[in-house]
Amino acid sequence: MTDRFETIAVHAGRDDFRQLRVHAPPLDLSTTYPVDDLDNGTASFDALVAGQASADNPIYARLHNPTVARTEAALARLEGTEACVAYGSGMAALTAVLMARRQHGSHVLVVRPLYGTSDHLLASGLCGLEAEFLDAGQIAERRRADTALVIIETPANPTLGLVDIQAVVAAAGEVPVLVDSTFATPVLQNPAQLGAAYVLHSATKFLGGHGDVIAGVVCCAESLAQPLRTVRAATGALLHPLAAYLLHRGLPTLALRVERAQVNAQLLAQRLADHPAVSRVFYPGLGTVRNADLVSVQMRGPGALIAFELVDGYQAAASVMRAVRLMTPAVSLGSVDTLIQHPAGLTHRVVAAADQLANGITPGLLRLSVGIEHAEDLWQDLAQALAAANEAGGRRVA
Ligand SMILES: *Cc1c(COP(=O)(O)O)cnc(C)c1O
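The sequence shown begins at -7 in our numbering and counts up by one.
Right, dumping it as structure tokens:
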């Protein structure tokens, strides 16, 4: 089989189609499966509870579902890992990793910034882990015998700073590293190839890509996937087969979507940087984010997310959100359509104010998830919204 992304994206997770004589993935909604042979049923049950990827009989849909398994197989291929375990959301996926790692220690090292709810989950101690927040450069010295995991997000939400994956893996030593690669997608970055043990995606975003699926996946080695499946079977944070079907359906166009959105983002970022109402633009493709030089080292492109700060602060940001017509003012990202949102007021609201500011999340910051519309239509909408904001603020853009 090929190792070219576009072809894998179209064909992965479809290996049994010829045998099944189907052209689209069968959607299996069964909650339970007949056990005609009890010996076989018992063996299947034991295997699945122990975290095996499949068994002769799926037994019960909390243990295994063939539609979900096909989607997992496809995503493992795209990340270049042995396995993938899918959950009902990105947060459920992160929680499962934390629960699985607790057997190895109760201390985790976390590099900020990261997605607001991930930050909140870790900082709140809800999972019974002591989270220590630090800079990537401090990992080697702060690592302890009971450190069970190192967590990074790159590009990071919302200011798009990059973290050197290989350097973090080296500093972590024996401790496995989890990379939240949601913003990059496997089109632009494969953290496992750089030594990351766990690659996490909120599949709600680019992987689903159409704003109609909440899902999370962890791509990793089979030995690490087994405890994750055991946690999933015990806690029930399942991906519904219909959601898995939709996720699988979006994968063939993943590369097309990401590449087009990225071309649009580069253009919008440049125009925003030249706009008088904008004081600062964060975009890896402009070199204006932390460690921007890593784009050419560990990524295949700068992605489709932009953050920008308005000269007139919060009022101007609120006014832009009100004035956009084509773009949707909404949280989330990675959809075919463009979304714009206010991190301090929405996605990162659960992060303490001081931690927000320390990580560049200012009152005038907006985050743009660029879609695949025509770039000129997007710019026209953004330009009129910026002009409206400026008028509301009592000044006119020349
Ligand atoms: C959205 C998001 C999450 C959480 O995923 P859900 O699917 O919303 O639970 C985690 N990390 C990043 C970077 C995200 O953007």
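Backbone N, C-alpha and C fix where the C-beta goes; we use that ideal spot for every residue, glycine too.
Quiz item: What did DSSP end up calling residue 208 once you bin it into helix, strand or coil?
Solution: Looking up residue 208 in the sequence shown gives position 216. Here residue 208 sits in strand by DSSP.
Quiz prompt | C-beta contact flag for residue 60 and residue 233 at 8 Å | solution = Sequence index remark: in the sequence shown, residue 60 carries index 68 (1-based). Sequence index remark: in the sequence shown, residue 233 carries index 241 (1-based). Cβ distance < 8 Å, so residue 60 and residue 233 count as in contact.
Quiz item: Heavy atom of ligand 1 less than 7 Å from the Cβ of residue 107, yes or no?
Solution: Along the sequence shown, read from residue 1 onward, the residue named residue 107 stands at position 115. Indeed, a heavy atom of ligand 1 lies less than 7 Å from the Cβ.
Quiz item: What are the boundary residues of the alpha helix (DSSP H) that includes residue 237?
Solution: If you number the sequence shown from 1, residue 237 lands on position 245. Where residue 237 is concerned, the enclosing alpha helix (DSSP H) stretches over 233 to 242.
Quiz item: Taking C-beta to C-beta, are residue 144 and residue 103 nearer than 8 Å?
Solution: Looking up residue 144 in the sequence shown gives position 152. Looking up residue 103 in the sequence shown gives position 111. Contact flag set, yes.
Quiz item: Beta carbon of residue 174: closer than 7 Å to some heavy atom of ligand 2?
Solution: Of the ligands one can find in the structure shown, namely ligand 1, none is ligand 2.
Exercise. Determine the extent of the alpha helix (DSSP H) in which residue 177 is found, giving its start and end residues.
Key: For the purposes of this step, residue 177 is taken as the residue at position 185 of the sequence shown. Taken as a continuous stretch (DSSP letters only), the alpha helix (DSSP H) holding residue 177 covers 177 to 180.
Self-check item: The beta strand (DSSP E) enclosing residue 125, as first and last residue numbers
Solution: The count along the sequence shown starts at 1 and reaches residue 125 at position 133. Per DSSP, residue 125 belongs to the beta strand (DSSP E) from 122 to 126.
Quiz prompt | Enclosing beta strand (DSSP E) for residue 145 [first to last residue] | solution = Taking the first residue of the sequence shown as 1, we reach residue 145 at position 153. Unbroken beta strand (DSSP E) run through residue 145: 139 to 145.
Practice problem: Using only the heavy atoms of ligand 1, determine whether one of them is closer than 7 Å to the beta carbon of residue 330. | Solution: In the sequence shown, the residue the question calls residue 330 occupies position 338. No.
Quiz item: How many angstroms separate the CA atom of residue 221 from the CA atom of residue 310?
Solution: For the purposes of this step, residue 221 is taken as residue 229 along the sequence shown, with counting starting at 1. For the purposes of this step, residue 310 is taken as residue 318 along the sequence shown, with counting starting at 1. C-alpha separation (whole angstroms): 43 Å.
Quiz item: Counting Cβ pairs closer than 8 Å, one from the region 46 to 60 and one from the region 167 to 184, do we hit at least three?
Solution: no
Quiz item: Opposite residue 190 in the DSSP bridges: which residues?
Solution: What you label residue 190 is simply residue 198 of the sequence shown in a count that begins at 1. Looking at the DSSP assignment, residue 190 forms a beta bridge with 170 and 212.
Quiz prompt | Pick from 88, 17 and 12 that is closest to residue 226, judged by C-alpha positions | solution = Position 234 of the sequence shown, counted from the first residue, corresponds to residue 226. Measuring from the Cα of residue 226, the nearest candidate turns out to be 88.
Practice problem: Report whether the distance from the Cβ of residue 196 to the nearest heavy atom of ligand 1 is below 7 Å. | Solution: As a working note, residue 196 is residue 204 in the sequence shown. Answer for residue 196: yes, Cβ within range of ligand 1.
Quiz item: Taking the alpha carbon of residue 173 as the point to measure from, which residue in 37, 376 and 82 has its own alpha carbon closest?
Solution: In the sequence shown, the residue the question calls residue 173 occupies position 181. Closest option to residue 173, Cα to Cα, is 82.
Exercise. Report the option in 96, 132, 131 and 21 whose CA atom is closest to the CA atom of residue 121.
Key: As a working mapping, residue 121 is identified with position 129 in the sequence shown. The shortest Cα separation from residue 121 among 96, 132, 131 and 21 belongs to 96.
Quiz item: Where does residue 301 sit, in a helix, a strand or coil, going by DSSP?
Solution: Here residue 301 is taken as the residue at index 309 of the sequence shown, counted from 1. Of the three classes helix, strand and coil, the one that applies to residue 301 here is strand, per DSSP.
Quiz item: Does the separation of the CB atoms of residue 362 and residue 265 fall below 8 Å?
Solution: Within the sequence shown, residue 362 is the residue found at index 370, counting from 1. Within the sequence shown, residue 265 is the residue found at index 273, counting from 1. No, Cβ-Cβ distance for residue 362 and residue 265 is not below 8 Å.
Quiz item: When burial is assigned at 16 or more other CB atoms within 10 Å of the CB, is residue 1 buried or exposed?
Solution: By 1-based counting over the sequence shown, the position of residue 1 is 9. With 16 or more Cβ atoms within 10 Å of its Cβ, residue 1 is classed as buried.
Quiz item: Is the beta carbon of residue 186 within less than 7 Å of some heavy atom of ligand 1?
Solution: For this step, residue 186 is matched to residue 194 along the sequence shown. No.
Quiz item: Which residues share a DSSP beta bridge with residue 50?
Solution: Within the sequence shown, numbered from 1, the residue matching residue 50 stands at position 58. Answer is none; residue 50 lacks a bridge partner.
Practice problem: Tell me whether residue 118 is buried or exposed, calling it buried when 16 or more other Cβ atoms sit within 10 Å of its Cβ. | Solution: Here residue 118 corresponds to residue number 126 of the sequence shown, with the count starting at 1. Flag for residue 118 reads exposed.
Practice problem: Find out if the Cβ-Cβ distance for the pair residue 212, residue 67 is shorter than 8 Å. | Solution: Residue numbering aside, residue 212 sits at position 220 when the sequence shown is read from its first letter. Residue numbering aside, residue 67 sits at position 75 when the sequence shown is read from its first letter. Going by C-beta atoms, residue 212 is not nearer than 8 Å to residue 67.
Quiz item: What's the call for residue 381, buried or exposed, on a 16-neighbour Cβ count within 10 Å?
Solution: The residue given as residue 381 occupies position 389 in the sequence shown. It counts as buried.
Quiz item: Taking all protein chains shown into account, do 16 or more other C-beta atoms lie within 10 angstroms of the C-beta of residue 383, making it buried, or fewer, making it exposed?
Solution: Locating residue 383 in the sequence shown gives position 391, counting from the first residue. Answer is exposed; the Cβ neighbour count stays below 16.
Quiz item: ligand 1 heavy atoms versus the CB of residue 391: any closer than 7 Å?
Solution: This structure cannot settle anything about residue 391, because the visible part of the chain is limited to -7 through 390.
Quiz item: How about residue 296 and residue 250: do their beta carbons lie closer than 8 Å?
Solution: Along the sequence shown, one-based indexing puts residue 296 at 304. Along the sequence shown, one-based indexing puts residue 250 at 258. It is a contact, given that the beta carbons lie within the stated cut-off.
Quiz prompt | Heavy atom of ligand 1 within 7 Å of residue 327 beta-carbon | solution = Locating residue 327 in the sequence shown gives position 335, counting from the first residue. Because no heavy atom of ligand 1 lies under 7 Å away, the Cβ of residue 327 does not count as near it: no.
Quiz item: Near residue 388, which residues of its chain fall below 7 Å by C-beta distance, leaving aside the five closest residues on each side in sequence?
Solution: Reading the sequence shown from its first residue, position 396 is the one you call residue 388. Below a pLDDT of 50, predicted positions are generally treated as unreliable, and residue 388, at 48, falls in that range; the measurement from the model is reported next regardless. So the list reads 382, once near-sequence residues are dropped.
Exercise. Can you grab the Cα-Cα spacing for the pair residue 331 / residue 56, in whole Å?
Key: Here residue 331 refers to the residue found at position 339 of the sequence shown. Here residue 56 refers to the residue found at position 64 of the sequence shown. If I take the Cα positions, the gap works out to 35 Å.
Quiz item: Along the chain, where does the alpha helix (DSSP H) that runs through residue 384 open and close?
Solution: For the purposes of this step, residue 384 is taken as the residue at position 392 of the sequence shown. 367 to 384 is the span of the alpha helix (DSSP H), which, as asked, contains residue 384.
Exercise. Express the C-alpha separation of residue 78 and residue 5 in angstroms, rounding to a whole number.
Key: Counting from one through the sequence shown, the residue named residue 5 turns up at place 13. Counting from one through the sequence shown, the residue named residue 78 turns up at place 86. Each residue's Cα considered, the two are about 14 Å apart.
Practice problem: Return yes when the Cβ of residue 239 is within less than 8 Å of the Cβ of residue 54, no when it is not. | Solution: For the purposes of this step, residue 54 is taken as residue 62 along the sequence shown, with counting starting at 1. For the purposes of this step, residue 239 is taken as residue 247 along the sequence shown, with counting starting at 1. Result no, Cβ atoms of residue 54 and residue 239 do not sit closer than 8 Å.
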